[in-house]
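Residue numbers (the numbering used here): -19 to 176. Just so you know, even glycine gets a beta-carbon here, dropped at the ideal spot from N, CA and C.
If you want it as structure tokens, here you go:
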């Protein structure tokens, strides 16, 4: 698209945590290029502008507040640039994207009032044996994460009420093909916030 339009610049939302995790080999961020030796001007014909690359999430939010952006922008939960594909572990298909999209809608609806830094649903590559209408089913597994953080460098899971967890589980396992719903309590570190 950049070549088709003749664009000379590409504006990225790269933040410092993206760079640190990629350079350290923890994760490979889709938006990290020059920091790992890729010259986008030479490789792709455009220059990448990264005005936020020295800030962490909390700094980006503060800049947005100072610029007068509304709270629904400054306080919204982080969402990966490559979209829901990063929340599908394994092969990404239309069917699997539909499953994680449905689970994400449930998670966002149920957890929006928690004040958490981030909440998400992930579709695992593994399957689990379950029972649907009295018959064995080898179904899909959705993992739910709800985390508190300031800068995305570290994070801790939110202690959600059992009633809320049960409701989320019931709704997610009602998605066709899903028979297991897990709540991930793992902090960052040792885990990362996203699975991929």
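Beta-carbon separation of residue 180 and residue 86 under 8 Å?
Residue 180 falls outside the range modelled here, since the chain spans only -19 to 176, and no answer is possible.
Starting from residue 164, follow the alpha helix (DSSP H) in both directions and report where the run begins and ends.
No alpha helix (DSSP H) contains residue 164, which DSSP labels as neither H nor E.
Give the secondary structure of residue 140 by DSSP, where H, G and I count as helix, E and B as strand, and everything else as coil.
Residue 140: coil per DSSP, three-state reduction.
When burial is assigned at 16 or more other CB atoms within 10 Å of the CB, is residue -8 buried or exposed?
Counting Cβ neighbours within 10 Å, residue -8 comes out buried, since at least 16 surround it.
Report the residue ranges of all beta strand (DSSP E) runs contained in full by the stretch 93 to 123; include only those spanning at least 3 residues, in chain order.
Correct list: 98 to 112.
Which residue or residues does DSSP assign as beta-bridge partners of residue 126?
Residue 126 pairs with 99.
Tell me which same chain residues have a C-beta within less than 7 Å of the C-beta of residue 108, skipping the five on either side of it?
Same-chain partners within the cutoff: 119, 121, 159, 160.
Hey, would you say residue 123 sits closer than 8 Å to residue 104, going by beta carbons?
Yes, the pair counts as a contact, with Cβ atoms nearer than the cut-off.
Figure out for me which residue from 100, 156, 133 has the closest Cα to the Cα of residue 37.
Of the listed residues, the one whose Cα sits closest to residue 37 is 133.
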